[in-house]
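Enquirer: When we follow the numbering used here, the leftmost residue of the sequence shown carries the number 2, and every step to the right adds one. What follows is a structure written as structure tokens; I'll ask about it next.
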Amino acid sequence: MSQKIRRQGTSVRKAAAAQGKARQVRAARARTGSALDTALSWLPFSEGQWHRIFLAMILGGAVILAWMVASFAGVPAMAQQQLAAIAHDAGFEVKRVNVTGTKNLNELKVYQLALADNRRAMPMVDIQALRAKLLELSWVQDARVSRQLPDTLAIDIVERKPAAVLRKADRLVLIDATGHELQVVSPERAKGKLVIAGPGAGQQVEALAGLLGAAPALKPQVTEAEWVGNRRWNLTFRTDQMLALPEGDQQAAKALMTFARLDGVNRLLGGKVAAFDMRAPDRIYLRVPGRTDPVEQSVSAARPAAGQEQN
Numbered sequence: 002m003s004q005k006i007r008r009q010g011t012s013v014r015k016a017a018a019a020q021g022k023a024r025q026v027r028a029a030r031a032r033t034g035s036a037l038d039t040a041l042s043w044l045p046f047s048e049g050q051w052h053r054i055f056l057a058m059i060l061g062g063a064v065i066l067a068w069m070v071a072s073f074a075g076v077p078a079m080a081q082q083q084l085a086a087i088a089h090d091a092g093f094e095v096k097r098v099n100v101t102g103t104k105n106l107n108e109l110k111v112y113q114l115a116l117a118d119n120r121r122a123m124p125m126v127d128i129q130a131l132r133a134k135l136l137e138l139s140w141v142q143d144a145r146v147s148r149q150l151p152d153t154l155a156i157d158i159v160e161r162k163p164a165a166v167l168r169k170a171d172r173l174v175l176i177d178a179t180g181h182e183l184q185v186v187s188p189e190r191a192k193g194k195l196v197i198a199g200p201g202a203g204q205q206v207e208a209l210a211g212l213l214g215a216a217p218a219l220k221p222q223v224t225e226a227e228w229v230g231n232r233r234w235n236l237t238f239r240t241d242q243m244l245a246l247p248e249g250d251q252q253a254a255k256a257l258m259t260f261a262r263l264d265g266v267n268r269l270l271g272g273k274v275a276a277f278d279m280r281a282p283d284r285i286y287l288r289v290p291g292r293t294d295p296v297e298q299s300v301s302a303a304r305p306a307a308g309q310e311q312n
């Protein structure tokens, strides 16, 4: 009677291989744990603080996920309010608002919008709606709103930059380069700023800046600019003297550069001439108080017209 003998070699090899893999896994875990422990030791948090942070992240993720599922599933508002109450009880409510980027904007307006419902659960905060309300503020060009769990809203404001003061019939208004009105200002606050006037002047701020850039030496001397007939500028200097420029961007820039050259040679600003008219090509007309006829001078002349004193 024959007897079958089972060979154990294969099982022994399998067991040895399994033990080898187990040792490799333990070694990898030990290396990973050591590296993670080393990385965590660099951060200024204790083990207990890390546990609380991870717990807050887990709870926050669970609450937000439940709220999103409820929203997509069409759960009634009452159920969503219940989820909000759970989030509120777990500490996920708006308690703090961090505002950055403000210089001229009254931050109180930002806080009033962000804390309109100061017991609102964090998952229920409508980030996009809050941003839309912030963009309605006159000084706000852009706004970024984000949640910092568990209880903080972070709001970063990009303010508009004031460029000039627009003179209206009954008030002075600070505007940016696009003509967007920022706020009403008093005459005292308008001092030292470029004042513009005339119908449509608010939409010409960038063009005016380009024009004044053609004669940088004169730019600090210009205090007011009047947009006349929606086609050209009259400039007023610190000396209260006025310069009438021709129509057209290139023609006006050329006339202003010519005036700057003549002023450098003849010291036009600060003299007896009350107004300069450069609307005619290659001619400048000088209006002197007490004289009924304007004095004509070629713009190519290097000295004042005969009989015309500047000082």
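Even glycine gets a Cβ: it sits at the ideal position worked out from N, Cα and C. On a predicted model such as this, the values are computed, not experimentally measured, just so you know.
Who are the Cβ neighbours of GLU182 in its own chain at under 6 Å, not counting the five residues just before and after it?
Expert: Translated into positions along the sequence shown, residue 182 becomes position 181. Excluding positions up to five away in sequence, the list reads VAL174, ILE176.
Enquirer: Using a 10 Å radius around the Cβ and a threshold of 16 neighbouring Cβ atoms, would you call PRO124 buried or exposed?
Expert: As a working mapping, residue 124 is identified with position 123 in the sequence shown. PRO124 should be labelled buried.
Enquirer: Could you tell me the alpha carbon to alpha carbon distance between ASN235 and GLY199, rounded to whole angstroms?
Expert: Within the sequence shown, numbered from 1, the residue matching residue 235 stands at position 234. Within the sequence shown, numbered from 1, the residue matching residue 199 stands at position 198. Answer to the nearest angstrom: the Cα atoms are 10 Å apart.
Enquirer: For the alpha helix (DSSP H) that contains MET258, what are its first and last residues?
Expert: Counting from 1 along the sequence shown, the entry for residue 258 is found at position 257. Its alpha helix (DSSP H) spans residues 250-267.
Enquirer: State buried or exposed for ARG268, treating a residue as buried only when at least 16 other CB atoms are found within 10 Å of its CB.
Expert: One-based indexing of the sequence shown puts residue 268 at position 267. Its Cβ having fewer than 16 others within 10 Å, ARG268 is exposed.
Enquirer: Determine the DSSP secondary structure at GLU207, reduced to helix, strand or coil.
Expert: Here residue 207 refers to the residue found at position 206 when the sequence shown is read from its first residue. In this structure, GLU207 counts as helix in the three-state DSSP scheme.
Enquirer: Looking at the unbroken alpha helix (DSSP H) that takes in PRO188, where does it start and where does it end?
Expert: Locating residue 188 in the sequence shown gives position 187, counting from the first residue. From DSSP, the alpha helix (DSSP H) with PRO188 extends over 188-191.
Enquirer: Would you please state the rounded distance, in angstroms, between the beta carbons of LEU114 and LEU131? I believe it to be under 8 Å.
Expert: As a first step, residue 114 is located in the sequence shown; it is residue number 113 there, counting from the start. As a first step, residue 131 is located in the sequence shown; it is residue number 130 there, counting from the start. Yes, LEU114 and LEU131 are in contact; Cβ-Cβ is about 6 Å, under 8 Å.
Enquirer: Report back the beta-carbon spacing between ARG161 and GLN184 to the nearest angstrom; my notes put them in contact at under 8 Å.
Expert: Within the sequence shown, the letter at position 160 stands for residue 161. Within the sequence shown, the letter at position 183 stands for residue 184. Not really, about 10 Å apart at Cβ, beyond 8 Å.
Enquirer: Using a Cβ-Cβ cut-off of 8 Å (strictly less than) and excluding sequence neighbours within five positions of PRO163, which residues of its own chain qualify?
Expert: The residue labelled residue 163 in the question sits at position 162 within the sequence shown. So the qualifying residues of the chain are ASN105, LEU175, ILE176, ASP177, LEU183, LYS194.
Enquirer: Can you tell me whether ILE285 is buried or exposed, with buried defined as 16 or more other CB within 10 angstroms of its CB?
Expert: Counting from 1 along the sequence shown, the entry for residue 285 is found at position 284. Under this definition ILE285 is a buried residue.
Enquirer: Go ahead and label LYS134 buried or exposed: buried means 16 or more other beta carbons lie within 10 angstroms of its beta carbon, across all protein chains shown.
Expert: Position 133 of the sequence shown holds residue 134. Under this definition LYS134 is a buried residue.
Enquirer: With DSSP as the reference, label PRO290 as helix, strand or coil.
Expert: Within the sequence shown, numbered from 1, the residue matching residue 290 stands at position 289. Note: PRO290 maps to coil in three-state DSSP.
Enquirer: Would you say GLN251 and LEU270 are within 8 Å of each other, going by their C-beta atoms?
Expert: Translated into positions along the sequence shown, residue 251 becomes position 250. Translated into positions along the sequence shown, residue 270 becomes position 269. No, Cβ-Cβ distance for GLN251 and LEU270 is not below 8 Å.
Enquirer: Would you kindly report the start and end of the unbroken beta strand (DSSP E) that includes LEU270?
Expert: Mapped onto the sequence shown, residue 270 falls at position 269. Taken as a continuous stretch (DSSP letters only), LEU270 belongs to no beta strand (DSSP E), as it is neither H nor E.
Enquirer: Between the alpha carbons of SER187 and ARG172, how many angstroms are there, rounded?
Expert: Here residue 187 refers to the residue found at position 186 when the sequence shown is read from its first residue. Here residue 172 refers to the residue found at position 171 when the sequence shown is read from its first residue. Approximately 8 Å, taken between the alpha carbons.
Enquirer: Tell me whether ALA281 sits in a helix, a strand or coil according to DSSP, three-state version.
Expert: Residue mapping note: residue 281 aligns to position 280 of the sequence shown, counting from 1. Of the three classes helix, strand and coil, the one that applies to ALA281 here is coil, per DSSP.
Enquirer: Using a 10 Å radius around the Cβ and a threshold of 16 neighbouring Cβ atoms, would you call GLU189 buried or exposed?
Expert: Within the sequence shown, residue 189 is the residue found at index 188, counting from 1. So GLU189 ends up on the exposed side.
Enquirer: So VAL159 is in the beta strand (DSSP E); what residue range does that whole segment cover?
Expert: As a first step, residue 159 must be located in the sequence shown, where it is residue number 158. Where VAL159 is concerned, the enclosing beta strand (DSSP E) stretches over 153-160.
Enquirer: Can you check whether the CB of VAL196 is closer than 8 Å to the CB of THR224?
Expert: For the purposes of this step, residue 224 is taken as residue 223 along the sequence shown, with counting starting at 1. For the purposes of this step, residue 196 is taken as residue 195 along the sequence shown, with counting starting at 1. Yes, the pair counts as a contact, with Cβ atoms nearer than the cut-off.
Enquirer: Residues in the same chain with beta-carbon distance under 6 Å from GLY203, minus the five sequence neighbours each way, listed in chain order, please.
Expert: Residue 203 sits at position 202 when you count from the first residue of the sequence shown. The answer, listed in chain order, is LEU167, ILE176, GLY180.
Enquirer: Taking the straight line between their C-alpha atoms, what separation do you get for ALA191 and TRP228?
Expert: Against the sequence shown, residue 191 aligns to sequence position 190. Against the sequence shown, residue 228 aligns to sequence position 227. About 18 Å.
Enquirer: Using a threshold of 7 Å, is the CB atom of LYS273 nearer than that to any non-hydrogen atom of the ligand SAH?
Expert: Looking at this structure, you won't find the ligand SAH or any other ligand, since it has none at all.
Enquirer: Could you spell out where the alpha helix (DSSP H) holding ARG132 opens and where it closes?
Expert: For this step, residue 132 is matched to residue 131 along the sequence shown. 128-136 is the span of the alpha helix (DSSP H), which, as asked, contains ARG132.
Enquirer: With DSSP run on the structure shown, which of helix, strand or coil describes ASP173?
Expert: Within the sequence shown, residue 173 is the residue found at index 172, counting from 1. Residue identity differs from the one stated: residue 173 is Leu in this sequence, not Asp. In the structure shown, LEU173 sits in a strand (DSSP, three-state: E or B).
Enquirer: Buried or exposed: which applies to MET279, given that a residue is buried once 16 or more other Cβ atoms fall within 10 Å of its Cβ?
Expert: For the purposes of this step, residue 279 is taken as the residue at position 278 of the sequence shown. Under this definition MET279 is a buried residue.
Enquirer: With a cut-off of 8 Å on the beta carbons, I'd call LEU257 and ALA215 a contact; round off their distance for me.
Expert: By 1-based counting over the sequence shown, the position of residue 257 is 256. By 1-based counting over the sequence shown, the position of residue 215 is 214. So it is a contact: roughly 6 Å between Cβ atoms.
Enquirer: Report the rounded CA-to-CA distance for ALA226 versus ARG121, giving the unit in angstroms.
Expert: Taking the first residue of the sequence shown as 1, we reach residue 226 at position 225. Taking the first residue of the sequence shown as 1, we reach residue 121 at position 120. Going by the C-alpha atoms only, they are around 50 Å apart.
Enquirer: Output needed for THR103: all residues of its chain with C-beta closer than 6 Å, excluding positions within five of it in sequence on either side, in chain order.
Expert: Position 102 of the sequence shown, counted from the start, is the residue given in the question as residue 103. Closer than 6 Å at the Cβ level, and outside the excluded window around THR103, lie ILE158.
Enquirer: Closest by CA to ARG97, which one among VAL146, THR153, VAL126, ASN107?
Expert: The sequence position of residue 97 within the sequence shown is 96, counting from 1. The option with the nearest alpha carbon to ARG97 is THR153.
Enquirer: Could you tell me whether the Cβ atoms of ALA144 and ILE156 are closer together than 8 Å?
Expert: The sequence position of residue 144 within the sequence shown is 143, counting from 1. The sequence position of residue 156 within the sequence shown is 155, counting from 1. Result yes, Cβ atoms of ALA144 and ILE156 sit closer than 8 Å.
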